[in-house]
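Undergrad: To start, I am sharing the structure in question, which I have written as structure tokens.
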């Protein structure tokens with residue numbers, strides 16, 4: 504049978520990434536392609552199957568065998584059945600048996616999990632969460648994902664289909680409307696969408712009338728990365744957007760630490776690349792909003808694995824579900 | 504040695520209650536006396552020792568032996584050493600070795616725990632939490648205490664000296680100042696102090712100028728119980744105080760359920776007697792602030808044991824720490 508290997512998959516709205524992972528948490532091969540859900544669910548599933556087939560071929564060339572596939576998907580999943588219940592970036596994939604579908608085509612067992620959870624599993628295995636029993640994880644992207652590790656294990660609560668939905672913690676009851684229907688969720692302050700919305704609203708209100716940030720907005724090219732560059736360059740409105748993000752993250756983490764009696768957070772996701780622009784305000788806000796925690800004890804750490812966290816986590820998920828002992 | 508028995512103690516700012524508890528969670532004898540911390544720490548400790556001696560005598564008469572004492576104290580405790588670090592209602596008892604002191608005098612092992620935690624241990628043993636693996640507990644009194652049960656066990660987090668401090672969850676960042684130094688904590692909305700402060704402020708602002716509630720305030724007799732009676736009688740300001748309390752509880756529980764992926768809360772403490780005046784607003788607020796939870800799945804339950812929860816919980820703590828198997 505050769506060496507035990509698994510495939511970790513990160514399925515997003517615009518990209519599909521896969522990796523071949525061994526028992527020690529090494530990434531033996533990475534593949535990346537685009538997804539276009541507009542082409543339909545069947546074609547997206549087909550692409551996923553093709554990418555996995557290519558990885559299985561690579562495994563054979565390396566003298567190994569793929570024994571399982573772990574699949575991280577943004578949104579709500581039914582992990583027991585392997586179904587995608589609802590994915591904000593893959594709206595056509597509603598109540599879709601993605602796991603069973605891929606499993607039937609490849610004849611390899613498939614496990615489906617929320618993308619923030621596979622991020623956490625990866626960081627917990629070989630990243631910033633290694634050896635830390637209790638911590639919260641945040642992924643800052645288009646939205647804000649969350650995961651919770653308690654006593655070294657991913658916390659799933661009462662298995663209600665959600666847990667650690669930290670992006671939907673309400674940080675201000677009169678805050679901006681959220682895609683989820685509530686007001687003032689962390690996600691409305693600390694995501695790429697929130698940064699863009701903040702700048703857009705200022706431009707519409709006439710509070711931003713010139714300069715590179717204004718140009719980006721006017722040209723319809725406003726993205727989180729551009730706002731970050733403007734913030735670094737000293738543009739006040741961009742700095743305000745990141746300060747507000749740090750404020751909300753600090754308040755949410757203070758509340759989490761107060762309730763859980765813990766002190767560690769690990770922050771990843773694309774928008775966490777703006778670390779230098781929000782970490783100061785985050786620490787100030789954490790100090791301002793912590794009741795019991797000695798703030799010097801808090802540990803707010805960036806992801807150690809970046810984009811690889813979800814791939815490694817999805818791989819480890821497949822190993823764990825097979826009951827395979829992993830190294831490290 | 505006879506039957507195994509323990510003493511559960513609930514030490515508050517005005518009262519000292521003790522109970523003789525057996526392995527099945529029966530209360531064999533209750534005693535109650537007053538405390539007056541103004542008389543000094545030594546005298547309070549002496550009273551505690553005297554009450555426990557009386558319970559040990561009763562145990563002997565019943566053919567049993569007291570093998571341990573569990574001590575619930577409001578405030579921050581060092582459970583490993585059995586010290587009271589700080590108790591808001593017993594301010595003189597700062598950094599005081601209450602456990603070792605009582606242990607030395609009675610020659611029976613003593614364990615000290617936060618009062619909201621012993622409430623939870625009691626409810627988990629023979630009360631509303633029995634058989635429920637994951638739930639949050641709230642005690643509504645002068646302040647708001649909290650406890651958290653995960654997988655059937657009291658959650659202590661990273662053992663930082665606090666956990667489940669749900670009273671200090673921030674429900675509104677611009678809310679009223681809290682005794683803890685923050686703004687907008689749950690405690691500033693949902694405690695006896697919060698109810699009184701709300702009415703007092705309205706009276707001072709001239710928004711309450713007549714009627715029984717006004718009379719209570721004017722005569723310096725404003726208490727949570729009186730506000731409750733006025734609310735039941737239809738007094739709008741009193742109803743508003745309870746509606747605000749329910750709103751804050753619903754928001755805090757929605758945030759907790761979102762983060763923990765759970766759906767059960769158990770609410771006790773003296774102010775929970777006002778249940779009929781806050782439960783409606785609580786449910787509305789929970790529905791308004793829940794992102795992922797199907798609100799019909801939520802279970803918000805009153806304490807089943809009332810004042811006995813802390814006594815039974817303190818007793819069970821002593822049994823657990825001795826490694827004694829309990830019935831039920």
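Chains as they are written, first to last, in the working numbering: chain A, 504 to 831; chain X, 504 to 831. All C-beta atoms, glycine included, are put in the ideal place defined by N, C-alpha and C.
To which residues does DSSP link residue 804/X through a beta bridge?
TA: For this step, residue 804/X is matched to residue 301 along the second chain. In DSSP, residue 804/X forms a bridge with 769/X.
Undergrad: Listing by chain order, which chain A residues have their CB less than 9 Å from the CB of residue 766/X?
TA: As a working mapping, residue 766/X is identified with position 263 in the second chain. Those within 9 Å of residue 766/X in chain A are 660, 661 and 663.
Undergrad: Fully enclosed by the stretch 514-586 of chain X, which beta strand (DSSP E) runs are 3 residues long or longer?
TA: 518-525, 530-537, 567-576 and 579-581, all fully within the stretch 514-586 of chain X.
Undergrad: Taking C-alpha atoms, which residue in 534/X, 613/X, 760/X and 712/X lies nearest to residue 571/X?
TA: As a position in the second chain, residue 571/X is number 68, starting the count at 1. Taking only the C-alpha atoms, the option nearest residue 571/X is 613/X.
Undergrad: Taking all protein chains shown into account, do 16 or more other C-beta atoms lie within 10 angstroms of the C-beta of residue 539/X, making it buried, or fewer, making it exposed?
TA: To locate residue 539/X, count along the second chain from 1; it is residue 36. Exposed, since its Cβ has fewer than 16 Cβ neighbours within 10 Å.
Undergrad: Output needed in chain order: residues of the stretch 794-815 of chain X with a Cβ under 9 Å from some Cβ in chain A.
TA: Those would be 794, 795, 796, 797 and 800, in chain order.
Undergrad: Against chain X, which members of the stretch 746-763 of chain A pass a CB distance test of less than 8 Å?
TA: The stretch 746-763 of chain A vs chain X, Cβ under 8 Å: 754, 757, 758, 759, 761, 762 and 763.
Undergrad: Inspect the beta-carbon positions of residue 671/X and residue 748/A and report whether they are closer than 8 Å.
TA: Residue numbering aside, residue 671/X sits at position 168 when the second chain is read from its first letter. Residue numbering aside, residue 748/A sits at position 245 when the first chain is read from its first letter. No, the Cβ-Cβ distance between residue 671/X and residue 748/A is not below 8 Å.
Undergrad: Apply the 10 Å Cβ neighbour rule to residue 617/X and answer buried if 16 or more other Cβ atoms are within range, or exposed otherwise.
TA: In the second chain, the residue the question calls residue 617/X occupies position 114. By the neighbour-count rule (16 or more Cβ atoms within 10 Å), residue 617/X is buried.
Undergrad: Going by the DSSP bridge assignment, what does residue 614/X pair with across the sheet?
TA: Here residue 614/X is taken as the residue at index 111 of the second chain, counted from 1. Answer is 573/X.
Undergrad: From residue 653/A to residue 622/A, what distance separates their C-alpha atoms?
TA: Position 150 of the first chain holds residue 653/A. Position 119 of the first chain holds residue 622/A. C-alpha separation (whole angstroms): 15 Å.
Undergrad: Measure from the alpha carbon of residue 701/X to the alpha carbon of each residue in 662/X, 743/X and 685/X, then state which is nearest.
TA: Your numbering for residue 701/X matches position 198 in the second chain. When only C-alpha atoms are compared, the closest one is 743/X.
Undergrad: So with Cβ pairs under 8 Å, would you call residue 672/A a contact of chain X?
TA: Locating residue 672/A in the first chain gives position 169, where the first residue counts as 1. It does: the Cβ of residue 672/A has a partner Cβ on chain X nearer than 8 Å.
Undergrad: Would you check if there are 3 or more beta carbon pairs closer than 8 Å linking the stretch 710-717 of chain X to the stretch 639-659 of chain X?
TA: Too few Cβ pairs lie closer than 8 Å, so no.
Undergrad: Run through chain A and tell me which residues come within less than 7 Å of residue 666/X, C-beta to C-beta.
TA: One-based indexing of the second chain puts residue 666/X at position 163. By Cβ distance, chain A contributes 763 and 764.
Undergrad: Step through the CB atoms of chain A and report whether any lies within less than 8 Å of the CB of residue 637/X.
TA: The count along the second chain starts at 1 and reaches residue 637/X at position 134. Judged by the 8 Å Cβ criterion, residue 637/X is in contact with chain A.
Undergrad: Would you give the residue range spanned by the alpha helix (DSSP H) that residue 720/A belongs to?
TA: As a first step, residue 720/A is located in the first chain; it is residue number 217 there, counting from the start. Unbroken alpha helix (DSSP H) run through residue 720/A: 715-721.
Undergrad: Applying the criterion that 16 or more other CB atoms from any shown protein chain within 10 Å of the CB defines a buried residue, is residue 734/X buried or exposed?
TA: Reading the second chain from its first residue, position 231 is the one you call residue 734/X. Result: buried.
Undergrad: Between the alpha carbons of residue 900/X and residue 549/X, how many angstroms are there, rounded?
TA: This structure leaves residue 900/X out entirely; chain X is present only between 504 and 831.
Undergrad: Please state the DSSP three-state secondary structure of residue 665/X.
TA: Stepping through the second chain from its first residue, residue 665/X is reached at position 162. Here residue 665/X sits in coil by DSSP.
Undergrad: Determine the direct distance from the alpha carbon of residue 561/X to that of residue 568/X, and round the result to whole angstroms.
TA: Taking the first residue of the second chain as position 1, residue 568/X is located at position 65. Taking the first residue of the second chain as position 1, residue 561/X is located at position 58. Cα to Cα, the separation comes out at about 9 Å.
Undergrad: Would you mind sorting residue 536/A into buried or exposed? The rule is 16 or more other CB atoms within 10 Å of its CB.
TA: Start at 1 with the first residue of the first chain, and residue 536/A comes out as number 33. Exposed.
Undergrad: Would you call the CB atoms of residue 522/X and residue 530/X closer than 8 Å?
TA: Position 19 of the second chain holds residue 522/X. Position 27 of the second chain holds residue 530/X. Yes. Within cutoff.
Undergrad: Counting only the same chain and skipping the five closest in sequence on each side, list residues whose C-beta sits under 7 Å from that of residue 634/X.
TA: Sequence index remark: in the second chain, residue 634/X carries index 131 (1-based). Hits under 7 Å: none found.
Undergrad: If I measure Cβ to Cβ from residue 693/X and keep anything under 7 Å in the same chain, skipping five residues before and after, which residues do I get?
TA: The residue labelled residue 693/X in the question sits at position 190 within the second chain. 643, 647, 748, 751 and 752.
Undergrad: Can the beta-carbon of residue 511/A be found closer than 8 Å to that of residue 818/A?
TA: Sequence index remark: in the first chain, residue 511/A carries index 8 (1-based). Sequence index remark: in the first chain, residue 818/A carries index 315 (1-based). Yes, these two residues count as a Cβ contact at 8 Å.
Undergrad: Please check if any C-beta of chain A sits within less than 8 Å of the C-beta of residue 669/X.
TA: For the purposes of this step, residue 669/X is identified with residue 166 of the second chain, where counting begins at 1. Judged by the 8 Å Cβ criterion, residue 669/X is in contact with chain A.
Undergrad: Relative to the C-alpha of residue 837/A, which residue among 739/A, 728/A and 792/A is closest?
TA: What is shown of chain A runs 504 to 831, which leaves residue 837/A out entirely.
Undergrad: Tell me which residues share the same chain as residue 504/A and place their Cβ nearer than 6 Å to its Cβ, disregarding the 5 neighbours each side in the sequence.
TA: For the purposes of this step, residue 504/A is identified with residue 1 of the first chain, where counting begins at 1. Because residue 504/A sits at a pLDDT of 46, beneath the cut-off of 50, its placement in the model cannot be relied upon, and the point is left open.
Undergrad: Below 8 Å on the Cβ atoms is my contact criterion, and I expect residue 727/A with residue 698/A to pass it. Report the Cβ-Cβ distance as a whole number of Å.
TA: Mapped onto the first chain, residue 727/A falls at position 224. Mapped onto the first chain, residue 698/A falls at position 195. Residue 727/A to residue 698/A, Cβ: 5 Å. Contact.
Undergrad: Please list, in chain order, all residues of the same chain as residue 729/A whose beta carbon is under 6 Å from its beta carbon, the five residues on each side excluded.
TA: Translated into the one-based positions of the first chain, residue 729/A becomes position 226. The residues are 719.
Undergrad: Tell me which same chain residues have a C-beta within less than 8 Å of the C-beta of residue 558/X, skipping the five on either side of it?
TA: By 1-based counting over the second chain, the position of residue 558/X is 55. Contacts found: 510, 521, 522, 523, 532, 534 and 569.
Undergrad: With residue 650/A as the anchor, note down where its beta strand (DSSP E) starts and where it stops.
TA: On the first chain, residue 650/A is found 147 positions in, with the first residue counted as 1. 647-653 is the extent of the beta strand (DSSP E) around residue 650/A.
Undergrad: Counting only beta-carbon atoms, is residue 592/A nearer than 8 Å to chain X?
TA: Numbered from its first residue, the first chain carries residue 592/A at position 89. Cβ-Cβ to chain X under 8 Å: no for residue 592/A.
Undergrad: Which stretch, first to last residue, makes up the beta strand (DSSP E) that contains residue 754/X?
TA: Along the second chain, read from residue 1 onward, the residue named residue 754/X stands at position 251. Counting along the chain, residue 754/X falls outside any beta strand (DSSP E), though it belongs to the alpha helix (DSSP H) covering 739-763.
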